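Residues -7 to 257 in this note's numbering are what the sequence shown lists, from first letter to last.
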Amino acid sequence: MTASIRSFIAAAALAALAGCASFGSGKSPSPQSPTATRIVTHVVTHDAKLIGSAVGGVRVSIRDAATGRLLAEGRHEGGTGDTRRIMQEPRKRGEDVFTAGDGARYVATITLTEPTMVDVTAEGPLNYPDQMARASKRLWLFPGRDVTGDGVVLEMHGYVIDLLAPDTTAALRASSRVPVRARVRMLCSCPTQPGGMWEVGDVVARLVRDGMVVREGKLAYAGEGSTYAGEIELPAEGRYALEILAANPGAATFGMVRRWVNVAR
C-alpha cells in the first residue's frame, strides 16, 4: 500500500470519528411545538343521508385514546346533503361525497404536540334522546396534518319514531279499540314509504306489562309520507308501555319508541 493511499484512509477515518463525535455531542432535542390541527367529521345514516339540524344534530367528541382527555366537542349540524350525490350517482374512489353545499358537518381544531391516537365519537340525533344511536372510530392524528374533505365519516343505523296517536297524557278506556299512528323516518329525517328510496319492512304497535306482550297489531302505510296507522285493542285497566317497533333487518335498521299509557274503566 503506497504512502498516499495510507494517508487517504487515515484522513477518512479521522473525518468519520469527527462526525460521530459531533453527532454525540449535539444539543438535546427540544420539545415539539404545539400545532393546530383541523379535523372534519361527517355523521351519516346507514344507506341514507347526513344527520343534521332537522333532528337536532349529533354530538361529536374527540378524545385522546390513551388518557381519555377531551380534545374537542361540538355539534354536527346542517342539512342532510345532496341526495343525488349521496344516494344515486356512482362513487369514484377518493371522491368527496358529503362536502357539497350546506350538508351537516362538525369541524374541530385541536392542538397536538405529537402523533396522537384519538377516539372520534358521535351520539344522536339529539332531538330524540330516548332513541339516540352511537358510532365511534379510533385513528391516529398527526400535528398539522389537517383531515379535510369528507374527513372522518361515522355511520349510524336506525329509524326515529314519533308517536302521533293516541294521546298518552289522557287515560284510555279499557276493552276498546284505539287508533295508533306513528311517523317513522330514517335517522337523518329522510322519509319512508313503500317503494320509496327508504322503506320500512314492518311497523308494529304493542302493549307491554311486566315484561309480557299483552296486545300487538301491525301498522300499515297510511298514504302520507312516513306515516303508519292501525288499531290496537286495549286490555283491562292498568298501566302499560305502548311500544312502536320499526324494522328492516335486511338493512340492519331498527327503531323503537316507548310511551306509557294508563287504561281505565
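Where is the CB? At the ideal position from N, CA and C, for every residue including glycine. All values derive from a computational prediction rather than experimental measurement.
Boundaries of the beta strand (DSSP E) in which residue i is found, first to last residue
| i | result |
| --- | --- |
| K210 | M204 to Y213 |
| P186 | Here P186 belongs to no beta strand (DSSP E), and DSSP marks it neither H nor E. |
| A64 | L62 to H68 |
| M109 | T108 to G116 |
| Y98 | Y98 to L104 |
| D194 | D194 to R201 |
| H34 | T27 to T37 |
DSSP-derived helix/strand/coil call for residue i
| i | result |
| --- | --- |
| R76 | helix |
| A5 | The predicted model places A5 with a pLDDT of 40, which falls under 50 and marks its position as unreliable; any figure quoted below should be read in that light. Helix. |
| G242 | helix |
| V170 | strand |
| S218 | coil |
| S45 | helix |
| R257 | coil |
| T59 | coil |
| V89 | coil |
| M124 | coil |
| E81 | coil |
| L226 | coil |
| A233 | strand |
| R251 | strand |
| T(-6) | Confidence at T(-6) is low in this model, with a pLDDT of 48, below 50, so its placement is unreliable and no value can be given for it. |
Supposed close pair residue i, residue j - CB separation, criterion 8 Å
| i | j | result |
| --- | --- | --- |
| L179 | M148 | 6 Å |
| A197 | G217 | That pair is no contact at about 19 Å. |
| L234 | S168 | L234 to S168, Cβ: 14 Å. No contact. |
| I236 | P117 | Wrong, their Cβ atoms sit about 17 Å apart, outside the cutoff. |
| A174 | H38 | Not a contact, Cβ separation roughly 21 Å. |
| V176 | T184 | 5 Å |
| Y220 | L199 | Going by Cβ atoms, the distance from Y220 to L199 rounds to 17 Å, so no, they are not a contact pair. |
| T103 | P26 | 5 Å |
| V36 | F90 | 7 Å |
| G73 | G95 | 4 Å |
(message) Check whether the stretch 223 to 241 and the stretch 136 to 146 touch, using three or more Cβ-Cβ pairs below 8 Å as the test.
(response) No: fewer than three Cβ pairs fall under 8 Å.
(request) Report yes or no: do three or more beta-carbon pairs, one from the stretch 99 to 111 and one from the stretch 27 to 40, lie closer than 8 Å? (result) Output reads yes: the stretch 27 to 40 touches the stretch 99 to 111.
(request) Tell me the start and end of each unbroken beta strand (DSSP E) in the stretch 128 to 168 that is at least 3 residues and wholly inside, in chain order. (result) Listed in chain order, the complete beta strand (DSSP E) runs (minimum 3 residues) inside the stretch 128 to 168 are 139 to 148 and 151 to 157.
(message) Would you call the stretch 107 to 126 in contact with the stretch 148 to 162, where contact means no fewer than 3 C-beta pairs closer than 8 Å?
(response) By the Cβ test, the stretch 107 to 126 is in contact with the stretch 148 to 162, since at least three Cβ pairs between them sit closer than 8 Å.
(request) Count the C-beta pairs between the stretch 164 to 173 and the stretch 53 to 71 that are closer than 8 Å, then say yes if the count reaches three, no if not. (result) Taking 8 Å as the limit for Cβ pairs, the verdict is that the stretch 53 to 71 does not touch the stretch 164 to 173.
(request) Answer yes if the stretch 107 to 117 comes into contact with the stretch 126 to 135, meaning at least three C-beta pairs across the two stretches below 8 Å, and no otherwise. (result) The stretch 126 to 135 and the stretch 107 to 117 touch, with no fewer than 3 CB-CB distances between them shorter than 8 Å.
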